[in-house]
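Have a look at the structure below before the remarks.
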Amino acid sequence: MPQMNKGGKFIFGKSLIREDLTIHLPLQALTEYNATAEGKVYLFTGSKITGGF
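Per the working numbering, the sequence shown starts with residue 11, numbered consecutively.
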């Protein structure tokens with residue numbers, strides 16, 4: 011996975027929000043962050059300074 015800077019955040023790409031309001035998250039992202047452990051994933055934006063929107 012590419013990183014924004016050494017030891018920094020991973021870049022997994024973008025996921026489109028489908029018409030039924032579902033998204034597909036890359037398996038590697040789910041594995042890296044153990045995202046399925048709690049059964050919930052929280053999405054939020056970053057600041058413009060850090061490359062968010």
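Note that beta-carbon positions come from the ideal geometry of N, C-alpha and C, so glycine has one too.
Just so we're clear, the structure is a prediction, and the values are computed from it rather than from any experiment.
{"query": "Whole-angstrom distance between tyrosine 43 and leucine 37, CA atom to CA atom", "result": "10 Å"}
{"query": "Segments assigned beta strand (DSSP E), at least 3 residues, entirely inside the stretch 16 to 43", "result": "none"}
{"query": "Separation of isoleucine 59 from isoleucine 27, as counted between CA atoms", "result": "24 Å"}
{"query": "Rounded C-alpha distance that separates glutamate 29 from leucine 35", "result": "16 Å"}
{"query": "Proximity winner among Leu40, Ile21, Ser57 and Gly56, relative to glycine 49 (alpha-carbon distances)", "result": "Leu40"}
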